[in-house]
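J.: Numbering (this note's numbering), first residue to last: 32 to 199.
Every residue, glycine too, gets a C-beta built ideally from N, C-alpha and C.
Note that this is a predicted model, so its numbers are computed, not measured.
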């Protein structure tokens with residue numbers, strides 16, 4: 032009797048192994064080498080059409096102004112206003128990803144660090160907007176400015192100098 036039980040176990044094992052070998056293999060995930068990304072927008076277009084409008088909206092929606100007319104806070108004052116700047120921050124996050132795509136990335140060194148930093152600053156702004164935390168939103172805007180300025184100094188000094196001159 033024990034031999035029949037061993038034979039039955041062995042036959043079952045062989046049957047399961049054979050059937051699993053005949054099953055359809057898992058589809059392989061696309062690798063970076065064979066992925067097909069649309070990078071038709073060049074860097075200047077991506078910056079001017081996607082990143083700059085979203086970044087400007089974040090900077091214009093955080094902080095305060097003190098002038099001859101008095102003190103004015105620039106932060107959103109409604110839930111819809113905070114939702115809008117959160118959506119702009121999401122654009123910043125995804126632009127960081129778009130800048131890192133093969134065919135668009137300038138190199139695999141500092142460029143990737145700046146791209147990641149851009150996404151991280153966008154996430155900071157998204158989280159601050161979600162919490163309607165004015166101080167955290169202001170800090171996220173500062174982080175975004177720092178990443179943009181550092182990247183421009185490395186890869187586009189003419190843009191960096193325009194950035195710096197506009198503060199004068």
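Specify, as a first and last residue, the run of the alpha helix (DSSP H) that residue 202 falls within.
T.: Beyond the ends of the chain as shown, which are 32 and 199, falls residue 202; an answer cannot be given.
J.: Beta strand (DSSP E) containing residue 102: first to last residue?
T.: Position 71 of the chain shown holds residue 102. Residues 101-104.
J.: How close, in whole Å, do the beta carbons of residue 117 and residue 85 come, if the pair is a contact with beta carbons under 8 Å?
T.: Numbered from its first residue, the chain shown carries residue 117 at position 86. Numbered from its first residue, the chain shown carries residue 85 at position 54. Contact doesn't hold; Cβ gap of about 11 Å is too wide.
J.: What are the boundary residues of the alpha helix (DSSP H) that includes residue 87?
T.: Position 56 of the chain shown, counting from 1, holds the residue named residue 87. Counting along the chain, the alpha helix (DSSP H) containing residue 87 begins and ends at 83-91.
J.: Could you check whether residue 123 and residue 145 sit closer than 7 Å to each other, using their CB atoms as the reference points?
T.: The residue you call residue 145 lines up with position 114 of the chain shown. The residue you call residue 123 lines up with position 92 of the chain shown. Not closer than 7 Å, so no.
J.: Under 8 Å Cβ to Cβ from residue 90, same chain only, skipping five residues before and after it: list those, please.
T.: Locating residue 90 in the chain shown gives position 59, where the first residue counts as 1. Contacts found: 172, 175 and 176.
J.: Let's test the definition: count the other Cβ atoms within 10 Å of the Cβ of residue 106 and tell me whether it reaches 16, buried, or not, exposed.
T.: Your numbering for residue 106 matches position 75 in the chain shown. Buried: at least 16 other Cβ atoms inside 10 Å.
J.: If we ignore side chains and look at the alpha-carbon of each, how far apart do residue 207 and residue 154 end up?
T.: Absent from the structure is residue 207, since the part of the chain shown begins at 32 and ends at 199.
J.: Which word fits residue 26, buried or exposed, when buried means at least 16 other C-beta atoms lie within 10 angstroms of its C-beta?
T.: As displayed, the chain neither begins before 32 nor continues past 199, which places residue 26 out of reach and without an answer.
J.: Given a cut-off of 7 Å on the beta-carbon distance, is the pair residue 141 and residue 185 in contact?
T.: The count along the chain shown starts at 1 and reaches residue 141 at position 110. The count along the chain shown starts at 1 and reaches residue 185 at position 154. Against a cut-off of 7 Å, the Cβ pair of residue 185 and residue 141 comes out as a contact.
J.: Considering Cα atoms alone, identify which of 135, 131 and 150 is closest to residue 143.
T.: Here residue 143 is taken as the residue at index 112 of the chain shown, counted from 1. Comparing Cα positions, the closest option is 131.
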